[in-house]
Each structure stands twice: as C-alpha cells, then as structure tokens.
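To keep things clear, I will list the structure first and then write my remarks on it.
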Amino acid sequence: MQALQQEVAARVGIQCEWVPGTMNQVKVCLPDHEVQVSLERLQQIAGIDAVHELYLKGLVCLPFTNKLREAFDKA
C-alpha cells in the first residue's frame, strides 16, 4: 500500500499556490496533507524559478522528492 501511495505522489508532485488574500503566503499541497509557508521559505526550499512561476501562473508544480517533502514538513 505504501508503494502505491509513493507512486501516486511521484505522479502528482507537490503543488504550491497562493493563500487567498495574501501576497506572501503559499499553500503547499503534499500528497497527504497541506502546509502554509512564506514566499521567502518557498524560495529557500524550491528556488527562485519556482517563485517566478508562482508569480506568472499562480500555481507551481514541483516534483515529489523526499528532500522537498522533508523541507516543507519542517517549515
């Protein structure tokens, strides 16, 4: 069962979008829960390109990796 969840997570990835009504808060949708981080923290974790895409599209999809998941869980 855990292998299936990891496979689904790898396909879906990690989605980040703006928290409505804010200009510096980002909702990060992980496969099993959501966290809220600051824009600065998103940049530290995912890089400036993710921030640029978020500004342009309002949504950024990151590949699911254990490193990113752990970083967002600690945030």
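Position in the sequence shown counted from 1, then plus 132, gives you the working numbering.
Each residue gets a CB set at the ideal place from its N, CA and C atoms; glycine is no exception.
Since we're looking at a predicted model, the values are computed, not measured.
Contact check, residue i vs residue j, beta carbons under 8 Å
i	j	result
residue 160	residue 204	yes
residue 192	residue 163	no
residue 151	residue 168	yes
residue 149	residue 190	yes
C-alpha gap between residue i and residue j, whole angstroms
i	j	result
residue 199	residue 187	24 Å
residue 172	residue 146	17 Å
residue 155	residue 183	12 Å
residue 185	residue 207	20 Å
residue 174	residue 153	18 Å
residue 181	residue 194	11 Å
Candidates the options, of which the one nearest residue i by Cα
i	options	result
residue 201	165, 153, 157	165
Per DSSP, cross-strand counterpart(s) of residue i
i	result
residue 189	Answer is none; residue 189 lacks a bridge partner.
Proximity test, residue i beta-carbon vs the ligand NAD heavy atom, cut-off 7 Å
i	result
residue 197	Of the ligands one can find in the structure shown there are none, so the ligand NAD has no counterpart to examine.
Any beta strand (DSSP E) of 3 or more consecutive residues that is wholly inside the region 142 to 189:
146 to 150, 157 to 161, 166 to 170
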